[in-house]
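Undergrad: Residue numbers (the numbering used here): 122 to 500.
Ideal Cβ placement from N, Cα and C applies to all residues, glycine included.
Here it is, the structure in full.
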Ligand code: NAD
């Protein structure tokens, strides 16, 4: 079983799919690993460390045709798919729900693909949960960005020149990224409050020393069987927004992380709510890539709205590439253990994790959303 790791081509991407520590484990488990020269450099992993771990360093043109498995961070380009042999396996962030049509070459070339976004969030698959790994990094970094832009300090300080009050941070969405943002802001000494439509998140918020904002949503079901938020009715959304607007007006920093898988992110901070904030306040919108939670967010840009800074970063994990790659690499290594039978590729499509993450199997069994985008009848 040959695993190939290409250098990521996307602008601003500094992560790498496998780090040397994982290569060593995979080689010990019977796999051969080929890494494109320079693939780990910007994440802090030089070629020499990969070679010591047992990988061969290769050029892209030689690497891909040999591969049984292509392990990547971002979805490869169409010309990369064209270099793979039929039945080769692609594993990575393939965006099957957001950009399903881009997976056409996987089907037409009869490849097998697993999207890490679709790995079921079950106890058995916890070590493979790349969404959580990346959300952890993003939540941490969002707070550091906010702290660097805020014209105030985060901790309360008692100095000879008097007392400096702590920053007030509001976190919207208390999933994995939100909880890490809360923990990071608390470590910096801020006073933190948070809101999530899932009442179950309240316990986690409180355990991190933050206040959970309760909203009466009239007893509607807000969480699906997978633990994700459901898309809310306009009325329920509005109730959340009204409360959020009041708290945003007295916050120095707002970090927004509210998302609903496969759908546009809900609007949490309206124009009016942003306008009620003080100049100098900072908003970091982690949902920028799916439409944004904030009225004035521009994806990938920093906006100065009457002195209020609104950041819409698109790929924060890539700005902490060392640890982001290490966590992702461990997730992939756990996942690949499911298809590695003593060094030979073996895919059991009855395995619930493989079935859940599968986008296409040898060109068939195409994920419904991808099939619909490609105009195929669903298998
Ligand atoms: P996500 O990125 O899809 O969304 C982030 C948060 O936004 C979620 O907490 C969601 O409830 C919240 N949200 C969505 N719409 C909202 C709205 N209108 N108002 C306020 N908040 C809103 O979520 P995620 O961080 O990937 O995690 C979602 C859930 O999955 C959580 O319950 C988490 O604990 C659970 N989870 C389980 C496992 C596991 O069991 N292995 C692993 C990771 C996460």
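Compute the minimum distance between the beta carbon of residue 482 and the heavy atoms of the ligand NAD, and state whether it is under 7 angstroms.
TA: In the chain shown, the residue the question calls residue 482 occupies position 361. Outside the cutoff, so no.
Undergrad: Can the beta-carbon of residue 394 be found closer than 8 angstroms to that of residue 374?
TA: Start at 1 with the first residue of the chain shown, and residue 394 comes out as number 273. Start at 1 with the first residue of the chain shown, and residue 374 comes out as number 253. The answer is no: Cβ separation not under 8 angstroms.
Undergrad: Which two residues bound the contiguous alpha helix (DSSP H) that contains residue 396?
TA: Indexing the chain shown from 1 puts residue 396 at position 275. 392-396 is the extent of the alpha helix (DSSP H) around residue 396.
Undergrad: Does DSSP classify residue 399 as helix, strand or coil?
TA: As a working mapping, residue 399 is identified with position 278 in the chain shown. Here residue 399 sits in coil by DSSP.
Undergrad: Cβ of residue 493 less than 8 angstroms from any chain B Cβ?
TA: No chain B is present in this structure, which holds just one protein chain.
Undergrad: In whole angstroms, what separates the C-alpha of residue 190 from that of residue 133?
TA: Locating residue 190 in the chain shown gives position 69, where the first residue counts as 1. Locating residue 133 in the chain shown gives position 12, where the first residue counts as 1. Approximately 24 angstroms between the Cα atoms of the pair.
Undergrad: Is any non-hydrogen atom of the ligand NAD found closer than 7 angstroms to the C-beta of residue 379, if you look at the structure I gave you?
TA: The residue labelled residue 379 in the question sits at position 258 within the chain shown. For the ligand NAD, a non-hydrogen atom lies closer than 7 angstroms to the CB of residue 379.
Undergrad: Name the one or two DSSP bridge partners that residue 153 has.
TA: Within the chain shown, the letter at position 32 stands for residue 153. The partner list for residue 153 (beta bridge, DSSP) reads 123.
Undergrad: Once you ignore the five residues that flank residue 450 on each side, which residues in its own chain have a CB closer than 8 angstroms to its CB?
TA: In the chain shown, counting from the first residue as 1, residue 450 sits at position 329. These residues qualify, in order along the chain: 137, 138, 139, 140, 142, 143.
Undergrad: Could you compute how far the alpha carbon of residue 496 sits from the alpha carbon of residue 229?
TA: What you label residue 496 is simply residue 375 of the chain shown in a count that begins at 1. What you label residue 229 is simply residue 108 of the chain shown in a count that begins at 1. One C-alpha to the other measures close to 13 angstroms.
Undergrad: Evaluate residue 255 with the Cβ neighbour count: other Cβ atoms within 10 Å of its Cβ, from every protein chain shown; 16 or more gives buried, anything less gives exposed.
TA: Your numbering for residue 255 matches position 134 in the chain shown. Per the 10 Å Cβ criterion, buried.
Undergrad: Do three or more CB pairs link the stretch 243-263 to the stretch 439-449 at distances below 8 angstroms?
TA: yes
Undergrad: Quick check: the stretch 405-413 against the stretch 373-390, are at least 3 beta-carbon pairs closer than 8 angstroms?
TA: yes
Undergrad: May I ask you to list the residues that DSSP assigns as paired with residue 283?
TA: Within the chain shown, numbered from 1, the residue matching residue 283 stands at position 162. Answer is 280, bridged to residue 283.
Undergrad: Is residue 349 a contact residue of the ligand NAD, with contact defined as CB to any heavy atom under 7 angstroms?
TA: Counting from one through the chain shown, the residue named residue 349 turns up at place 228. True, at least one ligand heavy atom lies under 7 angstroms from that Cβ.
Undergrad: For residue 293, which of helix, strand or coil comes out of DSSP?
TA: Taking the first residue of the chain shown as 1, we reach residue 293 at position 172. Strand.
Undergrad: Is the Cβ-Cβ distance between residue 343 and residue 362 less than 8 angstroms?
TA: As a working mapping, residue 343 is identified with position 222 in the chain shown. As a working mapping, residue 362 is identified with position 241 in the chain shown. In this structure, residue 362 does not lie closer than 8 angstroms to residue 343 by Cβ.
Undergrad: Give a yes or no on contact between the stretch 230-248 and the stretch 266-286, applying the rule of three or more CB pairs nearer than 8 angstroms.
TA: no
Undergrad: Given residue 300, which residues of its chain have a CB within under 6 angstroms of its CB, disregarding the five upstream and five downstream residues?
TA: Position 179 of the chain shown, counted from the first residue, corresponds to residue 300. The residues are 325.
Undergrad: At a threshold of 7 angstroms, does residue 328 count as lining the ligand NAD (C-beta to nearest heavy atom)?
TA: Residue mapping note: residue 328 aligns to position 207 of the chain shown, counting from 1. Residue 328 Cβ: outside cutoff for every heavy atom of the ligand NAD.
Undergrad: Please go through the same chain and pick out, in chain order, the residues whose beta-carbon is closer than 6 angstroms to the beta-carbon of residue 452, but skip the five residues on each side of it.
TA: Position 331 of the chain shown, counted from the first residue, corresponds to residue 452. Hits under 6 angstroms: 249, 251, 254.
Undergrad: State the start and end residues of the unbroken beta strand (DSSP E) segment that holds residue 426.
TA: Position 305 of the chain shown, counted from the start, is the residue given in the question as residue 426. Taken as a continuous stretch (DSSP letters only), the beta strand (DSSP E) holding residue 426 covers 423-426.
Undergrad: Can the beta-carbon of residue 201 be found closer than 8 angstroms to that of residue 224?
TA: On the chain shown, position 80 is the one that residue 201 refers to. On the chain shown, position 103 is the one that residue 224 refers to. No, Cβ-Cβ distance for residue 201 and residue 224 is not below 8 angstroms.
Undergrad: Between residue 194 and residue 444, what straight-line distance do the alpha-carbon atoms span, to the nearest angstrom?
TA: The residue labelled residue 194 in the question sits at position 73 within the chain shown. The residue labelled residue 444 in the question sits at position 323 within the chain shown. Answer to the nearest angstrom: the Cα atoms are 14 angstroms apart.
Undergrad: Do you know offhand how far residue 357's Cα is from residue 482's?
TA: On the chain shown, residue 357 is found 236 positions in, with the first residue counted as 1. On the chain shown, residue 482 is found 361 positions in, with the first residue counted as 1. Cα to Cα, residue 357 sits roughly 40 angstroms from residue 482.
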